[in-house]
Amino acid sequence: MARRAPHRPDRAAAEARGRRAERWAAWWLRLKGYRLVERRFRTPVGEVDLIVAKGPVLAFVEVKHRRALAHLPDSLNARQRDRVARAALAYMAGNPAAAAADIRFDLVLVGRWPWPRHIPGAWRPRAGL
1 MARRAPHRPD
11 RAAAEARGRR
21 AERWAAWWLR
31 LKGYRLVERR
41 FRTPVGEVDL
51 IVAKGPVLAF
61 VEVKHRRALA
71 HLPDSLNARQ
81 RDRVARAALA
91 YMAGNPAAAA
101 ADIRFDLVLV
111 GRWPWPRHIP
121 GAWRPRAGL
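For the sequence shown, the numbering used here begins at 1 and goes up steadily by one.
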């Protein structure tokens, strides 16, 4: 049986901030003309915070909440990118219509600045995933 970490108030607060950031990012992307396809798509191999579409583009979006702009460069490490990419592959395997779309991996950064920062095509998945 898998061991779970004990519940910590700071972890619960971080989870609540993350969910608020995802709602804010989804709202921002809708204002930019994207259609929300899926929220919090989870698989055993990974999770995608938001899946959005605009024209021929299907974007798998990771949302990160940061308190300061100085923390932006280290927002998404290679392991996190791989988990998002594996979840995206699982989504496409279960949704054949997604195969015709132009696939992109985006990042939305939410913090104390006025508006979310949307970075289209923030990364490309590693070969061999």
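Just so you know, even glycine gets a beta-carbon here, dropped at the ideal spot from N, CA and C.
By the Cβ criterion, the stretch 99 to 114 is in contact with the stretch 55 to 66, since at least three pairs of Cβ atoms, one from each stretch, lie closer than 8 Å. When C-beta atoms of the stretch 42 to 49 are compared with those of the stretch 73 to 93, three or more pairs fall below 8 Å, so the two segments count as touching. Per DSSP, the continuous alpha helix (DSSP H) segment holding R79 begins and ends at 78 to 94. For V48, the closest C-alpha among the options R112, A98, V110, Y91 is that of Y91. Counting the other CB atoms within 10 Å of its CB gives P96 a total below 16, which places it among the exposed residues.
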